[in-house]
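Enquirer:
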Ligand SMILES: [Zn+2]
Ligand SMILES: [Zn+2]
Ligand SMILES: [Zn+2]
């Protein structure tokens, strides 16, 4: 009989059949990193590795305690356990500072805060981005990564974070999905269509036609003057007659 090593997919299926819930999302990054090391291709920065260890530490500890009913210190070995625990502790403490500062800011919409707390640094992939100042308008402060010290300006940071989170592929659009953003008529920034607000300058826009009350699709927002394209067309035609 051919020997078969259990791969990650095999483990996931086995766990599912045993009704064991594990946050695989948090472990996926670690798995990719492990594969890269195996192929001598590890480009992850210290900041991103700290995040991976911190993200996976609690998942591993819970699994060992809840399902294996073992002491994680013993199973992992005290040295390994202590290294992971201290990395997790430092990371979580840093993250808490980031959250506290971000929470003190005023946002055009709370969605911006929610996205900023989950975004990762474009330089080092850590999740430790925070504001330079506290208790000001979010658009009036700069931002910094506590892991690699890279600086970000507000507009760039939020635009990239929203683009990443709400990316609609060309394929989705070809299949009929509407874009989730549009260009802000005031500042050319990122107009967050779901809420009709520009995340860069706070400009708000009505997304419903004045005449027929139908929603205006993002593709028409820029030329939108209160009426949808068919109402505008009908009105223009009446002028011609
Ligand atoms: Zn960074
Ligand atoms: Zn704007
Ligand atoms: Zn209309």
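Residue numbers (our numbering): 652 to 892. Just so it is clear, CB atoms sit at the ideal spot from N, CA and C, and this is done for glycine as well.
1) When the distance is taken between beta carbons, is residue 738 closer than 9 Å to residue 708?
2) Among residues of its own chain, excluding the 5 on either side of residue 876, which ones have a beta-carbon nearer than 8 Å to its beta-carbon?
3) Does the Cβ of residue 712 have 16 or more other Cβ atoms within 10 Å, making it buried, or fewer, making it exposed?
4) Can you list, in chain order, the residues of its chain with a C-beta nearer than 8 Å to that of residue 766? Leave out the 5 residues immediately preceding and following it.
5) Among 852, 879, 846, 829, whose alpha-carbon lies nearest the alpha-carbon of residue 836?
6) Could you give the DSSP three-state label for residue 803: helix, strand or coil?
7) Distance, Cα to Cα, residue 789 vs residue 660?
8) Within the region 730-804, note down every full beta strand (DSSP E) run reaching 3 residues or more, in order along the chain.
9) Does any heavy atom of ligand 4 sit closer than 8 Å to the C-beta of residue 773?
10) So what's residue 858 in DSSP terms, helix, strand or just coil?
11) Which residues does DSSP list as the beta-bridge partners of residue 834?
12) With respect to 8 Å, is the separation between the Cβ of residue 857 and the closest non-hydrogen atom of ligand 3 below this value?
13) Should residue 878 be counted as a contact of ligand 3 given a C-beta to heavy atom distance under 8 Å?
14) Quick one: grab the DSSP three-state call for residue 848.
15) Pairing CB atoms from the region 791-807 with CB atoms from the region 719-726, are three or more of them under 8 Å?
16) Using the beta carbon as the reference atom, which residues fall closer than 6 Å to any heavy atom of ligand 2, ordered along the chain?
17) For residue 858, is the classification buried or exposed, using 16 other Cβ atoms within 10 angstroms of its Cβ as the cut-off for buried?
18) Leaving out five residues before and five after residue 700 in sequence, what residues of the same chain have Cβ atoms less than 8 Å from its Cβ?
19) Tell me the DSSP secondary structure of residue 723 in three-state form.
20) Which of the three DSSP states is assigned to residue 866 in this structure?
21) Here's the rule I'm using: 16 or more other beta-carbon atoms within 10 Å means buried, otherwise exposed. How should residue 824 be labelled?
22) Between residue 738 and ligand 1, is the CB less than 8 Å from at least one heavy atom?
23) Measure the beta-carbon distance from residue 677 to residue 706 and round it to whole angstroms, keeping in mind my assumption that it falls under 8 Å.
24) Note down the Cα distance separating residue 866 from residue 860, rounded to an integer number of angstroms.
25) Return the residue from the list 868, 862, 826 that minimises the CA-CA distance to residue 846.
Expert: Reading from the atomic positions:
1) Within the chain shown, the letter at position 57 stands for residue 708. Within the chain shown, the letter at position 87 stands for residue 738. Taking 9 Å as the cut-off, the beta carbon of residue 708 is found closer than this to the beta carbon of residue 738.
2) Here residue 876 refers to the residue found at position 225 of the chain shown. Within the same chain, 883 come within 8 Å of residue 876 by CB-CB distance, once the 5 residues on both sides are set aside.
3) Translated into the one-based positions of the chain shown, residue 712 becomes position 61. Residue burial is scored here from C-beta neighbours: residue 712 has at least 16 other C-beta atoms within 10 angstroms and is therefore classed as buried.
4) Within the chain shown, numbered from 1, the residue matching residue 766 stands at position 115. Cβ-Cβ distances below 8 Å link residue 766 to 809, 812, 813, 816 in the same chain, with the five nearest sequence neighbours on each side left out; the list follows chain order.
5) Translated into positions along the chain shown, residue 836 becomes position 185. Closest option to residue 836, judged by alpha-carbon separation, among 852, 879, 846, 829: 852.
6) One-based indexing of the chain shown puts residue 803 at position 152. Residue state, collapsed to three classes: strand.
7) As a working note, residue 789 is residue 138 in the chain shown. As a working note, residue 660 is residue 9 in the chain shown. Near 42 Å, if we compare the C-alpha coordinates of residue 660 and residue 789.
8) Counting whole runs of 3 or more residues, the region 730-804 contains the beta strand (DSSP E) stretches 780-782, 794-796.
9) Ligand 4 is not among the ligands present in this structure, which contains only ligand 1, ligand 2 and ligand 3.
10) In the chain shown, the residue the question calls residue 858 occupies position 207. In the three-state DSSP reduction, residue 858 falls in the coil class, being neither helix nor strand.
11) Here residue 834 refers to the residue found at position 183 when the chain shown is read from its first residue. Looking at the DSSP output, residue 834 sits in a beta bridge with 841.
12) The count along the chain shown starts at 1 and reaches residue 857 at position 206. No, Cβ of residue 857 sits at least 8 Å from all heavy atoms of ligand 3.
13) Position 227 of the chain shown holds residue 878. At least one heavy atom of ligand 3 is nearer than 8 Å to the Cβ of residue 878, so yes.
14) Residue 848 sits at position 197 when you count from the first residue of the chain shown. Residue 848: strand per DSSP, three-state reduction.
15) The answer is no - the region 719-726 does not touch the region 791-807, with fewer than three Cβ pairs under 8 Å.
16) If you measure from each CB to the nearest heavy atom of ligand 2, the residues under 6 Å come out as 835, 837, 838, 840, 849, 851, 852, 854.
17) Here residue 858 refers to the residue found at position 207 of the chain shown. Classification for residue 858: buried.
18) What you label residue 700 is simply residue 49 of the chain shown in a count that begins at 1. Cβ neighbours of residue 700 beyond the five flanking positions: 684.
19) For the purposes of this step, residue 723 is taken as the residue at position 72 of the chain shown. DSSP places residue 723 in the helix class (H, G or I) of the three-state scheme.
20) Counted from its first residue, the chain shown places residue 866 at position 215. DSSP, read as helix, strand or coil, puts residue 866 in strand.
21) Along the chain shown, one-based indexing puts residue 824 at 173. Exposed is the call here.
22) Reading the chain shown from its first residue, position 87 is the one you call residue 738. Within the chosen limit of 8 Å, ligand 1 does not reach the beta carbon of residue 738 with any heavy atom.
23) The count along the chain shown starts at 1 and reaches residue 677 at position 26. The count along the chain shown starts at 1 and reaches residue 706 at position 55. Going by Cβ atoms, the distance from residue 677 to residue 706 rounds to 4 Å, so yes, they are a contact pair.
24) Counting from one through the chain shown, the residue named residue 866 turns up at place 215. Counting from one through the chain shown, the residue named residue 860 turns up at place 209. Rounded to whole angstroms, residue 866 to residue 860 spans 6 Å at the Cα level.
25) In the chain shown, residue 846 corresponds to position 195, counting from 1. Taking the Cα of residue 846 as reference, the smallest distance to any Cα among 868, 862, 826 is reached at 868.
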